[in-house]
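Heads up: take any position in the sequence shown, counting from 1, add 308, and you land on the numbering used here.
Since the structure comes first, as structure tokens, the remarks are kept for the end.
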Amino acid sequence: MPGKIHKVSIIVPVYEEEENLHDLFEKLDSVIADSSYRWEVILINDGSKDRSGAIIAEKSEQNSNYVAVQFRRNFGQTAAMQAGFDHASGDVMVPLDADLQNDPSDIPMLLDKLSEGFDVVSGWRKNRKDKKVKRVLLSRIANALISKISGVKLHDYGCSLKAYRKSVMEEVRLYGEMHRFIPIYAAWQGGKITEMPVKHYPRTKGESKYGMERIFKVILDLIVVKFLHGYSQKPMYVFGGFGMFFMSLSLIFGGWAIALKVAGIENFSRTPLPLACMFFGLVGFFSILLGLLAEIIMRTYYESQNKKTYRVVRNSEVG
């Protein structure tokens, strides 16, 4: 069984949320006061142009449970979340949006579920209070697609409110929009994943920072995650597979052209088949070369940093 929870790190990316911060602090203070755990709240100012940076700096000076991290410019939610994980000292980490659409009072419920032996407890906005078509419908389609491709079945990947054991985050590095895929990383490392419904409220102050273009970014990032999981240790299987496919096309077109020539049906100069043969042959050749280069890069990555191609767990985590 995973170890007992001693300290909880709440990670709050903040981007131009000055209207919500004081209410957020009140709710977090109430949760902390009613809990027996040790707590820290890491507030990451993601280059806000309003007074958010000054507000979280003031809060960290007034209350030792709060830590302020100030970005020089806007780097995005994933970078802010990674900074929170990097600064966290708790054995459990709980990301939370600053817009008050998630309720901090749900955090103890997630921790109780985590104590049952799980490594990740994912919040599920079962009764989501967003625009039905623009946000809810598209989100359901994206969640179904992510679950299908990854093999990790969750209803709501986009909900930031989750609880992670530090042990499943030790080797996770986040880029792009990949913060939503952390449960996938954890599951692929053998972590135990579950989800539970959490409260969700409509935004009453400030403006949403999410746009429609985010869906396409998520899909592209999902492709990257799937590749890294399935082929990071053997990239030749991908590039070489494409190379063999194009080489096969080259042989087919070349053989077709020769057959037409021998049969006296068509000369090489009067058909595009020889050109197609050369084109697909070169594409296949360079795909295989890319695979060899990727193999060398991955070997260098593992050997230069003395990284293992496997991961072990402590006896206390088995069960």
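Think of the CB as a built atom: it goes at the ideal place given N, C-alpha and C, for glycine as much as any other residue.
> Touch check for the region 344-353 and the region 314-322: three-plus C-beta pairs under 8 Å?
Replying inline: yes
>> Whether or not the region 563-571 and the region 538-549 are in contact is what I'm after, with contact meaning three or more pairs of Cβ atoms, one per stretch, closer than 8 Å; do they touch?
In response: no
>> Looking at the strands, I want to know which residues DSSP matches up with Lys315.
In response: Arg346
>> So for Leu351, helix, strand or coil by DSSP?
In response: strand
> Taking the alpha-carbon positions, what's the Ile313 to Lys470 distance?
Replying inline: 15 Å
>> Based on DSSP bridge pairs, tell me the residues matched to Arg473.
In response: Val400
> Nearest to Ala602 by alpha carbon, out of Met555, Met417, Phe593 and Lys542?
Replying inline: Lys542
> Hey, Leu462 and Glu424: beta-carbon distance below 8 Å or not?
Replying inline: no
> Does the beta-carbon distance from Ala387 to Ala376 come in below 8 Å?
Replying inline: no
> By how many angstroms is the C-alpha of Pro491 removed from the C-alpha of Val400?
Replying inline: 14 Å
>> Alpha carbons only, please: which of His330, Gln385, Asp337 and Glu334 is nearest the one belonging to Ser360?
In response: His330
> Which class does Gln497 belong to by DSSP, given the choice of helix, strand or coil?
Replying inline: coil
>> In the DSSP assignment, the beta strand (DSSP E) including Ala376 goes from what residue to what residue?
In response: Tyr374 to Gln378
> If you draw a straight line from the C-alpha of Tyr493 to the C-alpha of Asn410, how long is it?
Replying inline: 23 Å
> With Asn353 and Gln378 assumed to form a contact (beta carbons below 8 Å), what rounded beta-carbon distance in angstroms separates them?
Replying inline: 5 Å
>> Between Asp358 and Glu326, how many whole angstroms is the CB-CB distance? I'm expecting something under 8 Å.
In response: 5 Å
> Going by DSSP, what residues sit across from Pro505 in a beta bridge?
Replying inline: Trp432
>> Distance check for Met586 and Ser556, CA to CA, integer angstroms please.
In response: 12 Å
> Quick one: what's Pro510 bridged to in DSSP?
Replying inline: The partner list for Pro510 (beta bridge, DSSP) is empty, contrary to what the question assumes.
>> For Ile449 and Tyr465, which I take to be in contact (beta-carbon distance under 8 Å), what is that distance rounded to the nearest angstrom?
In response: Actually they are not in contact, since the Cβ atoms of Ile449 and Tyr465 sit about 12 Å apart, beyond 8 Å.
>> Just verifying my parser: in three-state terms, what is the DSSP assignment at Val460?
In response: coil
> Quick one: what's Val526 bridged to in DSSP?
Replying inline: None, per the DSSP bridge assignment.
>> If you measure between the beta carbons of Gly355 and Phe393, is that distance less than 8 Å?
In response: no
>> My output table needs one value for Val339: the three-state DSSP class, helix, strand or coil.
In response: helix
> Can you name the residues that DSSP bridges to Val591?
Replying inline: For Val591, which the question treats as bridged, DSSP gives no partner whatsoever.
> Is DSSP giving Pro321 helix, strand or coil here?
Replying inline: strand
>> Is the separation between the beta-carbon of Phe524 and that of Phe561 shorter than 8 Å?
In response: no
> Is it the case that the Cβ atoms of His508 and Arg433 are separated by a distance below 8 Å?
Replying inline: yes
> Exposed or buried, what is Tyr472 when buried is set at 16 or more other beta-carbons lying within 10 Å of its beta-carbon?
Replying inline: buried
>> Let me check one thing: in DSSP terms, what residues is Asn410 bridge-paired to?
In response: His508
>> For Glu611, which residues in the same chain have their Cβ closer than 6 Å to its Cβ, ignoring the five residues on either side in sequence?
In response: none
> What separation, rounded to the nearest whole angstrom, lies between the Cα atoms of Asn328 and Ser397?
Replying inline: 26 Å
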